[in-house]
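To start, the structure under review is shown below, and the notes come after it.
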Amino acid sequence: MITIDSTIVWERGGELFVEDNCDDSDVSPEQSCSATISIANTGNFEDSFEIYVEKESWLSAELSQHTTVVNKDETKEAAILTLTVQEMVPAFSHGSVTITLKLVSGEILGSQTIGLRVAPLVNWELQAVESSTDSNDNVSVAFTMRNLGNGNDGLQVSLHVDMNVEYGFIPPEQAEHGSLTGAPRYFEIEQIPPGVNFTFRSWMHIPRNSEANGTITMTVEMQSVLRPDIIFVNETKAEYLAESWRPENIHEDSAWVKFEIAAANLWNQYNGLVMTILVILAGSLGLLQALKHRAAKDALWKAKLAAAEPAAPEKPEQWMGKFDNKGVEENKGIIGTVVEAPRIAAKVFQDLFTSKAPPKSVEKEKPSEVLLDAAKTVLEHHETSIEGDLLDDLAGELANEKNAHPANELFDKAEQESGRTVRKPKRQPGSKYLKPTSKSPSKSGSSPKKAKDSHTATSPAEAVQGDELDLDL
-14 MITIDSTIVW ERGGELFVED NCDDSDVSPE QSCSATISIA NTGNFEDSFE IYVEKESWLS
46 AELSQHTTVV NKDETKEAAI LTLTVQEMVP AFSHGSVTIT LKLVSGEILG SQTIGLRVAP
106 LVNWELQAVE SSTDSNDNVS VAFTMRNLGN GNDGLQVSLH VDMNVEYGFI PPEQAEHGSL
166 TGAPRYFEIE QIPPGVNFTF RSWMHIPRNS EANGTITMTV EMQSVLRPDI IFVNETKAEY
226 LAESWRPENI HEDSAWVKFE IAAANLWNQY NGLVMTILVI LAGSLGLLQA LKHRAAKDAL
286 WKAKLAAAEP AAPEKPEQWM GKFDNKGVEE NKGIIGTVVE APRIAAKVFQ DLFTSKAPPK
346 SVEKEKPSEV LLDAAKTVLE HHETSIEGDL LDDLAGELAN EKNAHPANEL FDKAEQESGR
406 TVRKPKRQPG SKYLKPTSKS PSKSGSSPKK AKDSHTATSP AEAVQGDELD LDL
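Each step along the sequence shown adds one to the number in the working numbering, with nothing skipped, and position 17 is 2.
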């Protein structure tokens, strides 16, 4: 009998891999970097692994997973490690983080270390800016700076003014500047610890003898030594007056000039209201005059109407009352009283009467009988011609009518003549169909209108007197 006995040994092992971005650049306060942790199982069976992190006191570490299970011959991303620099850690501080891989039984399989450096935090505060102008027209500005960063820092300060005047710095004692004489326009100060203040002052002269008012600008630029890309800028502006407008060159206005200025301001403010009131007053006066004129015309018209109306007839009791005893008694004092009239010379009275009398019209000379007969003949000729034209038009209208009037049936039918014209004997003036010839007007001033309208009162027989009317009917 053969017995085969075998034992399988559990070989346990693992390998640690770390990939991080903390060594590539410095880490600023309150900023983070991360590392990826991978584990490879080198044993002959599935196993559990534990990750342990050791760090600096000013670092905070956050591991996504502390324990993980990895199969045989498998490499697995086990966890993400996040490292954060705490607030206000001194700049350029170096630190390290150690990552250790252990079995759950506590056996250490391997470890790796991550190194990092704290980046400088540049932060300056301009705590106070005090500007003042003295009696010599000097503008002075005091600046108080405070380092709020996490390390020693410095500033490079420069000054610029946009006009050709004298200006410069009064730098702090520990500052460096290259000016041996006069006021420096640039200085540099270094190694200012965190939380420390320093003060400097800039100044400039206000321009004089200028022809116009204006503004001058003083610009101060402050550049960090640790981070040259960080620049702080401050501008101070001051207004200056032209020489003619300076207080010592301006004389006080007289009372009359002040009054003129006040009146001009008052007029500029209320001229619209004043003009409106004047227009309203002018319109009101015009309307009042128009109403008065209209009332006067109405009163005159009523007076004319009243004068044109006939007087009301007296009633019997009115004219009989004049003869009663009361009326006689009232007139007793008048009867027998002689009223003396004013006296005037006869020649003066005649002249006054003649001057007020209308001038005597000159009697026109009467036309001769021959002229009157000629005018009569012409008038009768024109009347006859006009009335003949009217009769011709009437006859033409009757001839154009196709339908005869129903009353024509009562007349005997006339025989038609073959000729175009029928000659009729001339009628005598004494015919019963003609009226006697009317006498011509006594005056030659008869208007043409009367001659034109005379056909309305003249009979047809009179219109053809002395002539024969031939109608082709």
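Each residue gets a CB set at the ideal place from its N, CA and C atoms; glycine is no exception.
Quick caveat, the model's predicted, so the values are computed rather than measured.
Are the beta-carbon atoms belonging to residue i and residue j less than 7 Å from one another?
{"i": "Pro14", "j": "Asn137", "result": "no"}
{"i": "Glu158", "j": "Val210", "result": "no"}
{"i": "Ile24", "j": "Phe34", "result": "yes"}
{"i": "Val12", "j": "Leu86", "result": "no"}
{"i": "Ile99", "j": "Ala20", "result": "yes"}
{"i": "Leu140", "j": "Glu110", "result": "no"}
{"i": "Leu144", "j": "Ser187", "result": "yes"}
{"i": "Lys40", "j": "Val103", "result": "no"}
{"i": "Gly(-1)", "j": "Leu94", "result": "yes"}
{"i": "Ile84", "j": "Val54", "result": "no"}
{"i": "Phe185", "j": "Pro156", "result": "yes"}
{"i": "Phe154", "j": "Pro169", "result": "yes"}
{"i": "Thr69", "j": "Ser10", "result": "no"}
CB-CB under 7 Å to residue i, same chain, minus the five flanking residues each way: which ones, in chain order?
{"i": "Lys417", "result": "Here the model assigns Lys417 a pLDDT of 43, short of 50, so the residue's position is not dependable, and the following value carries that caveat. Excluding sequence neighbours, Lys417 sits near nothing in its chain."}
{"i": "Arg(-3)", "result": "Gly28, Asp32 and Leu88"}
{"i": "Val218", "result": "Thr204 and Glu206"}
{"i": "Ile(-11)", "result": "none"}
{"i": "Cys230", "result": "The sequence given here has Trp at residue 230, not Cys. Cβ neighbours of Trp230 beyond the five flanking positions: Asn198."}
{"i": "Asp58", "result": "Asn26"}
{"i": "Ile36", "result": "Ile22, Leu48, His51, Ala63, Ala64, Ile84 and Leu86"}
Between residue i and the rest of its own chain, which residues show a CB-CB distance below 6 Å, the 5 nearest in sequence each way excluded?
{"i": "Met203", "result": "Val146, Met189 and Thr221"}
{"i": "Gly415", "result": "Confidence at Gly415 is low in this model, with a pLDDT of 48, below 50, so its placement is unreliable and the value that follows should be read with caution. Same-chain partners within the cutoff: there are none."}
{"i": "Ile215", "result": "Val107 and Ser209"}
{"i": "Pro178", "result": "Asn137"}
{"i": "Phe2", "result": "Ser23"}
{"i": "Lys300", "result": "none"}
{"i": "Thr422", "result": "Because the pLDDT of Thr422 is 43, which lies under 50, any placement of that residue in the model is unreliable, and the question is left without a value."}
{"i": "Lys435", "result": "Only weak support is given to the placement of Lys435: the predicted model assigns it a pLDDT of 40, under 50, and the value that follows is read from those uncertain coordinates. So no residue of the chain qualifies."}
{"i": "Thr118", "result": "Val124"}
For residue i, report the span of its beta strand (DSSP E) as first-last.
{"i": "Gln176", "result": "Tyr171 to Ile177"}
{"i": "Asp32", "result": "Asp32 to Glu39"}
{"i": "Leu133", "result": "Leu133 -> no beta strand (DSSP E), and no H or E assigned at all."}
{"i": "Cys18", "result": "Ser17 to Asn26"}
{"i": "Lys222", "result": "Ile216 to Tyr225"}
{"i": "Lys61", "result": "Thr60 to Val70"}
{"i": "Ser116", "result": "Trp109 to Thr118"}
{"i": "Val3", "result": "Gly(-1) to Asp5"}
{"i": "Trp230", "result": "Segment: none, Trp230 is in no beta strand (DSSP E) and carries neither H nor E."}
{"i": "Asn234", "result": "Careful: Asn234 lies outside any beta strand (DSSP E) and carries neither H nor E."}
{"i": "Ile(-13)", "result": "Unbroken run through Ile(-13): none, as it is neither H nor E."}
{"i": "Val54", "result": "Thr52 to Val55"}
{"i": "Ser13", "result": "That residue, Ser13, is in no beta strand (DSSP E); it is neither H nor E in DSSP."}
{"i": "Trp188", "result": "Asn182 to His190"}
{"i": "Ser45", "result": "Leu44 to Leu48"}
{"i": "Met462", "result": "The chain is shown from -14 up to 458; residue 462 falls before or after that span and cannot be answered."}
{"i": "Gln159", "result": "Note, Gln159: premise wrong, no beta strand (DSSP E); not H, not E."}
{"i": "Gly95", "result": "Ile93 to Arg102"}
{"i": "Ile155", "result": "Tyr152 to Ile155"}
Ends of the alpha helix (DSSP H) at residue i?
{"i": "Val82", "result": "Segment His79 to Leu88 is the beta strand (DSSP E) holding Val82; no alpha helix (DSSP H) there."}
{"i": "His366", "result": "Glu354 to Asn385"}
{"i": "Thr261", "result": "Ala240 to Ala293"}
Looking only at its own chain, which residues have a Cβ that is under 8 Å from the Cβ of residue i, when we skip the five neighbours before and after it?
{"i": "Glu228", "result": "Arg193, Asn194, Ser195, Glu196 and Asn234"}
{"i": "Asn56", "result": "Asn26 and Glu31"}
{"i": "Glu4", "result": "Ala20, Thr21 and Ser23"}
{"i": "Thr362", "result": "none"}
{"i": "Thr200", "result": "Lys222, Ala223, Glu224 and Tyr225"}
Report yes or no: do three or more beta-carbon pairs, one from the stretch 140 to 153 and one from the stretch 33 to 51, lie closer than 8 Å? Judged by Cβ distances under 8 Å, the stretch 140 to 153 makes no contact with the stretch 33 to 51, as fewer than three pairs qualify.
Any contact between the stretch 189 to 200 and the stretch 113 to 124? By contact I mean 3 or more CB pairs, one from each, below 8 Å. Judged by Cβ distances under 8 Å, the stretch 189 to 200 makes contact with the stretch 113 to 124, as three or more pairs qualify.
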